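Novice:
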Amino acid sequence: MRRAAMIGLLMRHCVSLIVAIVALADPASGASPTGKWLLVLVALWSVYRIATRSPHPLFTAVDYALVLAVCLAIPILVPDPEFYLSNSAPQAIAGTAVIGFAVSLPARVTLPLTLGVAAAYAMGSAAVVGWHNVAAVAAIYYFGLQWLTAGLIRIMVLRVARAVDRASAARQAAELDQQVNDAVRAYDREQLALLHDTAASTLLLVGQGAALSPHRLAAQASRDLEALEHGPWSPPPEQMELVAALRDCAAHVVTPVVFDGLDKLWLVGDVGTLIAAAAREVMNNVDRHAHASLLRITVTHCAVLLEDDGVGFDLETPRIGHGVTDSIVDRMRRARGHATITSSPGTGTSIELSWAAAPESDNATGEETDPDRLIERIRTLYGLALVVYALANLWWAATPIGRRARSGGACCRCCSDCPTRRGAAVLVGYWMLGAVAEFVRNPEVAVLVNIGLGTASILAVQLFALLFNGLVRSAAVDARAETAAHQRVIAGDRVSQALHAEYQRRYARVVDNVIPLLRKLGESGCATEDLQRRARAESRRLRALFDQATTFDHPLMAQLRQIVDVAEANDLDVVIDLAGELPSLSSEEIDSLVAPLKRLADEAESSLRLVVTGTTDEVNVSLVCDGISGDANLVRVLQATDDIEVVTTDDTVWVVIRHRVSERARQGAVAG
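If you're matching positions, the sequence shown starts at 78 in the working numbering and goes up one per residue.
#1: Report yes if the CB atom of residue 389 is closer than 8 angstroms to the CB atom of residue 421, and no otherwise.
#2: Would you kindly report the start and end of the unbroken alpha helix (DSSP H) that includes residue 529?
#3: Could you give the first and the last residue of the continuous alpha helix (DSSP H) run that contains residue 604?
#4: Taking the beta carbon of residue 207 as the centre, do at least 16 other beta carbons fall within 10 Å, making it buried, or is it exposed?
#5: Are at least three pairs of beta-carbons, each pair with one atom in the segment 290-299 and one in the segment 600-607, less than 8 angstroms apart?
#6: Check whether the segment 163-175 and the segment 125-132 touch, using three or more Cβ-Cβ pairs below 8 angstroms as the test.
#7: DSSP three-state call for residue 54: helix, strand or coil?
#8: Of the residues 105, 202 and 425, which one's Cα is nearest the Cα of residue 366?
#9: List the endpoints of the continuous beta strand (DSSP E) containing residue 347.
#10: Where does the unbroken alpha helix (DSSP H) through residue 111 begin, and where does it stop?
#11: Going by CA-CA distance only, name the one from 609, 598 and 615 that's closest to residue 590.
#12: Mapping DSSP to helix, strand and coil, what is residue 482?
#13: Decide if residue 446 is buried, meaning its Cβ has at least 16 other Cβ atoms within 10 Å, or exposed.
#14: Within 10 Å of its beta-carbon, does residue 224 have 16 or more other beta-carbons around it, so buried, or fewer, so exposed?
#15: Assuming residue 283 and residue 598 make a contact with CB atoms under 8 angstroms, what is their CB distance in whole Å?
#16: When the Cα atoms are used, what is the spatial distance from residue 661 to residue 249?
#17: Quick one: grab the DSSP three-state call for residue 318.
#18: With a CB to CB cut of under 8 angstroms and the five nearest residues on each side skipped, what residues in its chain are close to residue 398?
#19: Would you call residue 137 buried or exposed, if buried means 16 or more other Cβ atoms sit within 10 Å of its Cβ?
#20: Kindly identify the DSSP beta-bridge partner or partners of residue 419.
#21: Apart from the five residues on each side of it in sequence, which residues of its chain come closer than 6 angstroms, Cβ to Cβ, to residue 735?
#22: Take residue 347 as the anchor and find which of 324, 414, 392 and 332 has the nearest alpha-carbon.
#23: Taking the CB atoms as reference points, tell me whether residue 651 and residue 645 lie closer together than 8 angstroms.
#24: List the endpoints of the continuous alpha helix (DSSP H) containing residue 176.
#25: How long is the line joining the alpha carbons of residue 142 and residue 528, rounded to whole angstroms?
#26: Where does residue 106 fall in DSSP's three states?
#27: What whole-angstrom Cβ distance do residue 706 and residue 728 have, given they're in contact under 8 angstroms?
#28: With residue 365 as the anchor, note down where its alpha helix (DSSP H) starts and where it stops.
#29: Return the bridge partner residues of residue 373 from the DSSP annotation.
#30: Applying the 10 Å Cβ sphere with the 16-neighbour rule, what's the burial state of residue 519?
#31: Under 8 angstroms by Cβ, that's how I've got residue 637 and residue 687 pegged, so tell me the actual separation to the nearest angstrom.
#32: For residue 322 and residue 379, which I take to be in contact (beta-carbon distance under 8 angstroms), what is that distance rounded to the nearest angstrom?
#33: Once the 5 residues before and after residue 641 are set aside, which same chain residues still bring their CB inside 6 angstroms of it?
#34: For residue 506, does the count of other Cβ atoms within 10 angstroms reach 16, so buried, or fall short, so exposed?
#35: Among 703, 673 and 220, whose alpha-carbon lies nearest the alpha-carbon of residue 718?
#36: Note down the Cα distance separating residue 110 from residue 499, rounded to an integer number of angstroms.
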């Protein structure tokens, strides 16, 4: 509405300036010298107001005072007793002012202002035509009708704005829900990383038959059990002491650990928790893989350096596990830091976990678009366009110029469906054609002046109508985009909630199996053959959960998980490996990939190994299963299918399905 008031101000003073210039240029004007000086004052004040555009109430009061002065000065501006039968400077200035005030200010303010304008116009007219003829001055009634129409449209605009405001609030609420869901998923990633760092490591050692003392095994299992039962389910503290947390992690490490650097380092709780968790995974890796005799941990104000003298490794060799990527690099990224790894075979490994000295809070999504701007734009543009539409319905036809005003209004309504520039050109051409025809028919200066006044008070307002009509159309496009965005957010949120529920179900099932196993290991400290078998099985399930975590919400993985669930329910030994990122796939493409895999999985007897590899242009799915003869009918059908490669050895079948992603799917992925 501030913009509406500003454009109303410009409309009032542009019309007043043009009207004053036309009236001053009229050689047959009956205005007295005082009246001409008043017109000069109006023109100068209009120039000043157009240049400054100040919304200060004092300037608005001066605007209104000048309008009243023009109305009262009718005797010295247009002393002709028949002035009200054609366009006049006071009528144009007063009528435009009524409309501008009515669209810019509340009705409780503009009603007395309009009554004041009507009263002043009546008094000025009475001084020329007498009080007994004032009733014939139609402009007095039109002031009231203009105010009523503009006021009703203002109310309509505010109702539209409130509706758009509710839509924006609904979108914001949906986006807030989406942010909450994103936070929950990040929280779940931390749970999964904790599970990887603790229980998965222990079960892998037990399943592989590693030589661990009963005391060591019991202590590690008890530690893992405590981490799962009392781990990241509680929020991190506001502040935490990092060195103490690192010493606590080092207490469970077999490799000897030496601390250097700071004795204490306080950090923001969420940042310190992530750094400590990343360091804990480094210690676990040293224990499992480095074969080191010493691990040195150096703590500074903005880094933790962990150096071992173990066997090292080649950084260029692709890593299969998730410890470095998920538990170290990803955690440091979320802590707004970095993990720098230096190693080579035979020289040990050095990992530096660094972060900003004063981590900034993660406010960051960038400056979002304020939906109130859209609301303000709709209020301004739509309100003024409807005000001008009201003018098109209020043309009165007492004079030839009035008849042209009716035609011009109709033309303005017809042009409202055209682009703004084209509509303006048509409207100006239509108006000028009528004006030229009128002047040719009656080539008098009075007619030319009348045309000039009509152009200022009628054509200028109609051009404003076209301008705002085009902007309102743009605002309508924005509003439709807002609604579409809201619907997309809601749809995505529903899918996300469903997938999150599925993830929680799987995670809970794995944890329900792991906790009793850890409890037995913690109580006995002895890895029996049965416990080793169960540890291997749970380790494979954990590996599958880790592998699927990054693509858990992909529709292809949702279909493949159903195959895995059925295979595990049939006591098959299932292994899943993923590589790359899966592209966007249509439902038909997913069905073509999954259908042969499901048939093969149904025929498998004891084992199933599934490997999914994704790139931007291609998806490859490899399945190795046993218990299927190379002479089986299913194998022959697959061998005859394009894009499917089948290799058979005895009772084992290896099937590779290569699928090129369609151009339409790639474009959809880019658009998404």
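Glycine included, each C-beta is placed from N, C-alpha and C at the ideal position.
None of the values given here were measured: they were computed from a predicted structure.
Specialist: According to the structure shown:
#1: Yes; because the gap between Cβ atoms is below 8 angstroms, this pair is in contact.
#2: Start and end: 522-531.
#3: Run containing residue 604: none; DSSP gives neither H nor E here.
#4: By the neighbour-count rule (16 or more Cβ atoms within 10 Å), residue 207 is not buried but exposed.
#5: The segment 290-299 makes contact with the segment 600-607; the number of CB pairs closer than 8 angstroms reaches 3 or more.
#6: Counting C-beta pairs closer than 8 angstroms gives fewer than three between the segment 163-175 and the segment 125-132, which falls short of the contact rule.
#7: Outside the displayed span of the chain (78 to 749) sits residue 54, for which this structure offers no information.
#8: For the set 105, 202 and 425, the Cα lying nearest the Cα of residue 366 is the one of 425.
#9: Residue 347 -> not in any beta strand (DSSP E); alpha helix (DSSP H) instead, spanning 346-362.
#10: Here the alpha helix (DSSP H) through residue 111 covers 110-129.
#11: Measuring from the Cα of residue 590, the nearest candidate turns out to be 615.
#12: With a pLDDT of 38 at residue 482, under the threshold of 50, the predicted position of this residue should be treated as unreliable, though the coordinate-derived value follows. Helix at residue 482.
#13: Because the pLDDT at residue 446 is just 42, under 50, the model does not fix this residue reliably, and the value given afterwards should be weighed accordingly. With fewer than 16 Cβ atoms within 10 Å of its Cβ, residue 446 is classed as exposed.
#14: With 16 or more other Cβ atoms within 10 Å, it is buried.
#15: About 7 angstroms separates the CB atoms of residue 283 and residue 598; that is less than 8 angstroms, so the two are in contact.
#16: If I take the Cα positions, the gap works out to 27 angstroms.
#17: Reduced to three states, the DSSP call for residue 318 is strand.
#18: Because the pLDDT at residue 398 is just 48, under 50, the model does not fix this residue reliably, and the point stays unresolved.
#19: Buried: at least 16 other Cβ atoms inside 10 Å.
#20: Note: residue 419 sits in a beta bridge opposite 427.
#21: The residues are 697 and 720.
#22: Per the Cα distances, 414.
#23: Residue 645 is positioned such that its CB atom lies closer than 8 angstroms to that of residue 651.
#24: Unbroken alpha helix (DSSP H) run through residue 176: 166-181.
#25: Between the alpha carbons of residue 142 and residue 528 lies a gap of roughly 27 angstroms.
#26: Three-state DSSP puts residue 106 in coil, outside helix and strand.
#27: Going by Cβ atoms, the distance from residue 706 to residue 728 rounds to 6 angstroms, so yes, they are a contact pair.
#28: Here residue 365 belongs to no alpha helix (DSSP H), and DSSP marks it neither H nor E.
#29: DSSP lists 335 and 384 as partners of residue 373.
#30: Sixteen is the threshold: since fewer than 16 other Cβ atoms of the shown chains lie within 10 Å of the Cβ of residue 519, the residue is exposed.
#31: The Cβ separation is near 7 angstroms, so the contact holds.
#32: 16 angstroms between Cβ atoms; not a contact.
#33: The residues 651, in chain order, have a CB closer than 6 angstroms to that of residue 641 in the same chain once the five nearest residues on each side in sequence are set aside.
#34: It counts as exposed.
#35: For residue 718, the nearest C-alpha among the options comes from 673.
#36: Roughly 43 angstroms separates the two Cα atoms.
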